[in-house]
Amino acid sequence: VGLGCCGWILVIISAFFSILIFPISIFITIKIVKEYERAVIFRLGRITARKAKGPGIFFIIPCTDSFVKVDLRTISFDIPPQEILTKDSVTVSVDGVVYFRVNDPVASVANVSNADYSTRLLAQTTLRNVLGTKNLSEVLSDREVISQSMQMTLDEATDSWGIKVERVEIKDVKLPQQLQRAMAAEAEAAREARAKVIAAEGEMNASRALKEASLVIAESPSALQLRYLQTLNTIAAEKNSTIIFPLPMDVISHFMKK
Numbered sequence: 001v002g003l004g005c006c007g008w009i010l011v012i013i014s015a016f017f018s019i020l021i022f023p024i025s026i027f028i029t030i031k032i033v034k035e036y037e038r039a040v041i042f043r044l045g046r047i048t049a050r051k052a053k054g055p056g057i058f059f060i061i062p063c064t065d066s067f068v069k070v071d072l073r074t075i076s077f078d079i080p081p082q083e084i085l086t087k088d089s090v091t092v093s094v095d096g097v098v099y100f101r102v103n104d105p106v107a108s109v110a111n112v113s114n115a116d117y118s119t120r121l122l123a124q125t126t127l128r129n130v131l132g133t134k135n136l137s138e139v140l141s142d143r144e145v146i147s148q149s150m151q152m153t154l155d156e157a158t159d160s161w162g163i164k165v166e167r168v169e170i171k172d173v174k175l176p177q178q179l180q181r182a183m184a185a186e187a188e189a190a191r192e193a194r195a196k197v198i199a200a201e202g203e204m205n206a207s208r209a210l211k212e213a214s215l216v217i218a219e220s221p222s223a224l225q226l227r228y229l230q231t232l233n234t235i236a237a238e239k240n241s242t243i244i245f246p247l248p249m250d251v252i253s254h255f256m257k258k
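Rendered as C-alpha cells:
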C-alpha cells in the first residue's frame, strides 16, 4: 500500500502503542468475521489488499485501520410494479424479483457507494428497457426468455460493482381492464368457433357412417334382417307396455309393395 513516509510513521507509532497497552489492545486489534462475511480493511483511507479478510480472525492496527463488513449471502428483492409501454403501444404493469450476491467484496465497497440500492434501481430501469422492446404477445408468452435477457444485462452492468446477478423472475403482468375484457371476448369467440367446427365434423362423420351402413344393408338382405331382429330385441328389453308382433321381412316387404 502506498502510504508514503508519513503514513508509515503513523502506522509504526500505532503498532508501538498497541504493544504498550497489551493485553488491553487485544480487544481492539483482534476482529472476527463469520463464514458468510468478509472484511475490507482500510489503512489511512487506502484499501490494504485486493483480497478481503475472512472468514475467521484477522488483525487491525488501532488508530490507522478501519474495516467494512460485506455479506456474501444471496439477497432477493422485489421490483416494484412498473408501468411499461410495449412495442405495440400497450400499457402494462409488470413486477418481478431479483436474486443477487456479492462475489467481489473489495469492488462492492470501493466502486459503488451502495451496491444493494444501486442494483435495485438498475433492475427497475432494465425491466422497463427490456420490456419496451417486446410486443404484448411476447411479454405474455416469453417470460422465461425475458427473465434470462434481464439477468444477463443486469449481471454485465453490475460486474464492476462486484455483484453477481443469479436469477431474475417476472412475477406478474397486469393488463388494463378494457384490454382484459377484449381478450376474454376474443377467447370466448374462438372457443365457440372451435366447438362449432367439432360439432360439424361429428355430424359429417355420422352422416358418412349412416351412408356406408345403408349401402351395406341395401347390398345384403340378410344384413337388413339382422338389423330388424336387433331392433326388436332392443324394444323388447325396455320396460314398457308396447306389444310387438314380429313378422317375417318378406311379408312386410309384400305389404310395402302394395
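full-length UniProt numbering applies: residue 1 is where the sequence shown begins, and numbers increase by one.
Even for Gly, the Cβ is constructed at its ideal location relative to N, Cα and C.
| task | Measure the beta-carbon distance from T133 to M150 and round it to whole angstroms, keeping in mind my assumption that it falls under 8 Å. | result | Taking 8 Å as the upper bound for CB-CB distance, T133 and M150 are not in contact here, some 12 Å apart.
| message | Considering only their Cβ atoms, is the gap separating Y36 from D78 smaller than 8 Å? | response | Taking 8 Å as the Cβ cut-off, D78 and Y36 do not qualify as a contacting pair.
| request: Would you mind stating whether V106 and V40 have Cβ atoms separated by less than 8 Å? | output: Yes, the Cβ-Cβ distance between V106 and V40 is below 8 Å.
| Within the UniProt domain "Band 7" (28-187), ranges of the beta strand (DSSP E) (whole runs, at least 3 residues) | Complete beta strand (DSSP E) runs here, min 3: 30-33, 37-43, 56-59, 65-71, 75-85, 91-102, 163-174.
| field | CA nearest to the CA of K53, picked from S66, P62, E138 | value | Residue S66 is the option with its Cα nearest to K53.
| task | Answer yes or no: do I30 and I9 have a C-beta to C-beta separation smaller than 8 Å? | result | No; because the gap between Cβ atoms is not below 8 Å, this pair is not in contact.
| request: Please name the residue, chosen from T153, T158, L136, that lies closest to V92 on a Cα-to-Cα basis. | output: Nearest neighbour of V92 by Cα position, chosen from T153, T158, L136, turns out to be L136.
| task | Report the option in A110, S25, Q82, R101 whose CA atom is closest to the CA atom of F50. | result | Sequence inspection shows Arg at residue 50; the Phe mentioned does not correspond to that position. Considering only alpha carbons, the answer is A110.
| request: Just confirm the distance between the C-beta atoms of V98 and A115, as a whole number of angstroms; I'd bet it's less than 8 Å. | output: 13 Å between Cβ atoms; not a contact.
| field | Reference V11, options E83, G202, I61, D142, closest by Cα | value | The shortest Cα separation from V11 among E83, G202, I61, D142 belongs to I61.
| request: Return the chain-ordered list of same chain residues with a C-beta closer than 7 Å to the C-beta of R120, the five sequence neighbours on each side being excluded. | output: Around R120: F77.
| said: With the cut-off set at 8 Å, would you say V94 and P81 are in Cβ contact? | reply: Yes.
| How many angstroms separate the CA atom of V139 from the CA atom of M152? | When the Cα atoms are used, V139 and M152 turn out to be separated by approximately 17 Å.
| Residues near R194 in its chain [Cβ-Cβ closer than 8 Å; skip 5 each side] | Spatial neighbours of R194 in its own chain (CB-CB distance under 8 Å, excluding positions within 5 residues in sequence) are not present.
| message | As a quick exercise: from D104, R128, E169, V68, pick the residue whose alpha carbon is nearest that of R46. | response | Measuring from the Cα of R46, the nearest candidate turns out to be V68.
| Is the beta carbon of L143 less than 8 Å from the beta carbon of I170? | One detail in the question is off: residue 143 reads as Arg in this sequence, not Leu. Yes, Cβ-Cβ distance for R143 and I170 is below 8 Å.
| query | Where does residue 340 sit, in a helix, a strand or coil, going by DSSP? | reply | With the chain running from 1 to 258 in the structure shown, residue 340 is simply not present.
| Nearest-angstrom Cα separation, counted from T48 out to F16 | Each residue's alpha carbon lies about 19 Å from the other.
| query | Quick one: what does DSSP say I198 is sitting in, helix, strand or coil? | reply | The answer is helix: DSSP assigns I198 an H, G or I state.
| Would I163 pass as a contact of V102 if the rule is Cβ separation under 8 Å? | In this structure, the beta-carbon distance from I163 to V102 falls below 8 Å.
| field | Member of S160, S14, I28, C6 whose CA lies at the smallest distance from the CA of S108 | value | Of S160, S14, I28, C6, the residue nearest in Cα terms is S160.
| message | Cutting at 7 Å between CB atoms, please list the residues of its own chain near S207, excluding the five before and the five after it. | response | Around S207: no qualifying Cβ.
| request: Measure from the alpha carbon of S113 to the alpha carbon of each residue in V168, T86, A209, T158, then state which is nearest. | output: When each option's Cα is compared against that of S113, the closest is T158.
| For F22 and S118, the rounded distance between their alpha carbons | Between the alpha carbons of S118 and F22 lies a gap of roughly 43 Å.
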